[in-house]
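In mature numbering (1 follows the signal peptide of the UniProt record, and there is no 0), the protein residues as written are -20 to -1, 1 to 131. Ideal Cβ positions, reconstructed from N, Cα and C, are used throughout, including at glycine. A quick note: this is a predicted structure, and the numbers were derived from the prediction, not measured.
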């Protein structure tokens, strides 16, 4: 389940969101690394509170991850050809609902977080002609097999 969360997170991170000025969004590798480190450090530090109130995970997702997720882009990409001819207010309602769904989904999967180690692959060379790049990540979850992802 954690693998599914991180895989879906990779989809919505393809276009960077707005906010959180302290992270340089022009460097996707550094951004991903910093966001992951901050998020997982906070999850680790707040485990006792999370066990008492699992809804705190939604707050953490909203504050730590969502500033880097272009949920509007992801929602519109998901709609694809269904976007054509749709009413603007219906599309806006879908975008809002999709954001809430992402937050709830990420929070649900993060309930399984138990201090796994995250290793980043080598920093990829950036191609100025492309807006999307991939970043390899491996989640060390001993004794289970490692989870290999690409953001």
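Quick check: the Cα distance between residue i and residue j, rounded to an integer number of angstroms?
{"i": "residue 11", "j": "residue 119", "result": "17 Å"}
{"i": "residue 54", "j": "residue 61", "result": "14 Å"}
{"i": "residue -17", "j": "residue 124", "result": "Caution applies to residue -17, whose pLDDT of 49 falls short of 50 and renders its modelled position unreliable; the value that the coordinates give is listed next. Their backbone Cα atoms lie some 16 Å apart in a straight line."}
{"i": "residue 66", "j": "residue 59", "result": "10 Å"}
{"i": "residue 32", "j": "residue 110", "result": "44 Å"}
Going by DSSP, name the residue or residues bridged to residue i.
{"i": "residue 78", "result": "The partner list for residue 78 (beta bridge, DSSP) is empty, contrary to what the question assumes."}
{"i": "residue 97", "result": "120"}
{"i": "residue 128", "result": "118"}
Give every residue of the same chain whose Cβ lies closer than 6 Å to the Cβ of residue i, excluding the five residues on either side of it in the sequence, and list them in chain order.
{"i": "residue 133", "result": "The first residue shown for the chain is -20 and the last is 131, placing residue 133 beyond what the model contains."}
{"i": "residue 142", "result": "Missing from the structure shown is residue 142; the chain here goes from -20 to 131 and no further."}
{"i": "residue 93", "result": "23"}
{"i": "residue 52", "result": "75"}
Identify, in the order they occur along the chain, each residue of the same chain with its Cβ nearer than 7 Å to the Cβ of residue i, setting aside the five sequence neighbours on each side.
{"i": "residue 16", "result": "98"}
{"i": "residue 37", "result": "30, 87, 90 and 91"}
Assuming residue i and residue j are in contact, meaning their beta carbons sit under 8 Å apart, how far apart are those beta carbons, in whole angstroms?
{"i": "residue 44", "j": "residue 22", "result": "6 Å"}
{"i": "residue 115", "j": "residue 121", "result": "The pair is not a contact, with the Cβ atoms about 19 Å apart (cut-off 8 Å)."}
{"i": "residue 56", "j": "residue 63", "result": "6 Å"}
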